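The sequence shown begins at 4 in our numbering and counts up by one.
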Amino acid sequence: MLKIISKTAQNIFLLALILIAGDKALAQTNNPSSPKLIEKNGRHAFLVDGKPFLMLGGQAHNSSAWPTLMPGVWKSAEAMHLNTLEVPIYWEQIEPQPGKFDFSLVDTLLTQARQHNVHLVLLWFGTWKNGSNHYIPEWMKRDAGKYPNITGKTGKAIDSPSPHSKATLEADVKAFSAVMRYLKQADAQHTVIMVQVENEPGSWDTVRDYSAVAQKLFEADVPAGLLKPAILKALNVPENSKGTWAKVFGDRADEYFQAWSIARFIERVAAAGKAEYPLPLYVNVALRDPLTNPPATHYESGGATDNVIPIWKAAAPSIDLLAPDIYLSGSERVLKVIDLYTRADNTLFVPEAGLIADNAKYFYDVLAHGGIGFSPFGIDDNGDASNDEHLAERLAPFAQEYAVARPMMRELAQWAFEGKIKAVVEHEDGAEQTIKLGEWDAIIKFGNGRGGELKPNRDHNGKAMIVTLDENKFIMTGTNCRITFHPAGGNTGRAWQYLKVEEGRYSDGIFKSLRILNGDETDWGGPAIGDQPRVLRISLVVR
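So, in structure tokens, the structure goes:
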């Protein structure tokens with residue numbers, strides 16, 4: 004620059020122009036890169052501003068995304084220490100008349116999220132909301148002939164939209180495309196990092212649509228896109244199968260047809276939206292029992308339940324991930340769901356979980372499976388201010404985890420991507436568990452107390468998460484647990500001791516030690532963590 008200034012007055016003039024335009028140029032060059040999902044060796048990361056990002060989320064109640072209700076939502080968001088708010092946007096509000104769009108609600112959400120320094124995941128309540136079409140605009144509801152619902156097996160009308168309605172599809176495509184087009188224009192700073200397409204699509208009270216249009220398609224041959232050997236193998240049918248749905252899939256034909264039909268509908272909506280603005284898109288799932296193989300009459304048929312994930316992947320390639328909503332009870336069931344939705348072709352994300360204390364412990368297991376985010380549902384008071392004290396109690400188990408995780412969010416996201424995180428959650432029997440760490444075994448006991456005299460956790464909410472920094476150094480956090488180590492691998496049988504145990508926190512990517520734990524804090528069966536999560540850095544040595 005000194006050369007430029009000293010050369011000529013002309014160059015001085017040019018430099019002045021550059022300086023005048025400096026703010027604009029800086030804004031252009033510093034624009035963050037678009038949020039995107041990446042995959043490496045079957046593991047996944049969610050990049051926001053070009054770096055792995057962990058969504059510490061919370062979802063508002065269905066009817067809370069209105070200006071009069073949002074103060075309560077933000078109050079809860081702040082109390083939870085979350086960095087990502089999931090909030091619905093409503094087709095009925097956005098398109099009150101055909102082709103006339105109102106994005107004032109979107110504008111409000113964008114403005115308030117920026118004020119609170121929180122990212123948004125927008126939930127498109129469009130054709131489907133929990134299997135029904137209650138969020139379609141009034142002008143569609145008044146014209147059931149043009150925008151039909153499903154016909155049940157007995158001819159009864161079902162409270163669920165038909166995935167075979169071309170008019171409904173065209174309307175949803177236009178509306179969702181308009182939303183994505185507007186986001187591209189209004190959100191250059193990427194406040195919105197992801198969008199959910201529909202909400203728990205599927206059908207209750209019937210396994211599929213039995214309308215004349217649907218029946219004709221059902222009696223035709225299965226589409227070629229579903230007859231690939233790898234897909235058929237995953238669906239447990241012969242890899243050379245061909246023919247009608249009933250011939251190829253037998254007892255599961257009705258459900259598989261419904262899954263394909265809904266997924267193809269949503270693919271067209273998602274593809275149109277991505278053509279306008281390619282944000283990551285996902286579909287959330289109302290689950291079935293993962294430990295049995297119940298018939299589709301026992302759950303929402305056609306959604307991306309674990310048994311039809313291969314169908315959804317084939318039918319809806321524009322959907323980046325299929326995300327389980329966790330409302331099941333029992334650690335065995337929940338952990339199985341997390342396993343089933345952790346796939347090389349599917350990024351793990353839990354966009355909804357019941358707002359109960361027991362579910363907070365599964366946040367650790369999601370991270371250990373390489374997940375990109377976790378979000379309990381219904382974090383606000385839903386307009387009932389008298390519920391504040393009870394709500395605070397329900398938020399607390401999640402809030403305390405997020406308070407610890409948020410300062411180290413980027414590190415956790417990177418470690419999850421690299422497969423460096425392992426975790427255990429307390430089962431209903433309270434039994435101790437072992438985490439394999441190469442040359443060490445970490446033994447986790449649950450409860451509070453010293454040595455073998457641990458007081459059991461009444462709520463079975465103990466958990467532990469360990470990050471491997473190197474062969475002998477680990478980051479650990481948890482609640483209601485005690486950890487000790489045994490030499491393993493090449494160290495088996497050798498004497499060992501703690502080299503150092505530090506309690507601290509992360510700040511700007513660096514572990515800041517607050518104190519060294521020793522004596523009673525490490526000697527009575529190993530370091531313990533009580534009701535409040537803490538971050539420990541543990542270094543071990545063999546002698």
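Glycine is no exception: its CB is placed at the ideal position from the N, C-alpha and C atoms.
Since we're looking at a predicted model, the values are computed, not measured.
By the neighbour-count criterion, in which a residue is buried when 16 or more other Cβ atoms sit within 10 angstroms of its Cβ, Lys425 is buried. Sixteen is the threshold: since fewer than 16 other Cβ atoms of the shown chains lie within 10 Å of the Cβ of Gln192, the residue is exposed. Shown here, Thr247 sits in a strand according to DSSP, grouped into three states. Segment contact: the region 474-493 against the region 534-543, three or more CB-CB distances shorter than 8 angstroms; contact assigned. Between the alpha carbons of Ala80 and Pro241 lies a distance of about 50 angstroms. The C-beta separation of Lys149 from Ala170 comes to about 5 angstroms, placing the pair in contact by the 8 angstroms criterion. By the CB criterion at 7 angstroms, Glu98 and Val124 fall outside the cutoff. Taking C-beta atoms under 8 angstroms as the contact rule, Ile375 and His47 qualify, at a distance of about 7 angstroms.
If you draw a straight line from the Cα of Val121 to the Cα of Lys219, it is about 48 angstroms long. In the DSSP secondary-structure assignment, Phe377 is bridged to Leu59, Val353.
Within a 10 Å sphere around the beta-carbon of Arg540 sit 16 or more other beta-carbons, which makes this residue buried.
For Ala445, the enclosing beta strand (DSSP E) has its first and last residue at 443-449.
Taking Val311 as the centre and dropping the five residues before and after it, the same chain places the C-beta of Ala262 closer than 6 angstroms to its C-beta, in chain order.
As for any alpha helix (DSSP H) of minimum length 4 sitting wholly inside the region 94-164, the runs are 94-97, 107-118, 141-144, ordered along the chain. Per the Cβ contact rule, the region 67-82 is in contact with the region 381-389 (3 or more Cβ pairs under 8 angstroms).
For the region 174-241, the full-length beta strand (DSSP E) segments reaching 3 residues or more read 195-202 along the chain.
Contact between the region 205-215 and the region 151-169 is established, with three or more Cβ pairs separated by less than 8 angstroms.
Rounded to the nearest whole angstrom, the C-alpha separation of Leu394 and Ala371 is 28 angstroms. Annotation: Ser66 is outside any alpha helix (DSSP H) and is labelled neither H nor E by DSSP. Using a 10 angstroms sphere on the CB of Leu126, the tally of other CB atoms reaches 16 or more, which defines it as buried. Between Pro283 and Met197, the gap from beta carbon to beta carbon is short of 7 angstroms.
The shortest CA-to-CA distance from Leu294 to any of Ala307, Arg413, Glu335, Leu229 is the one to Glu335.
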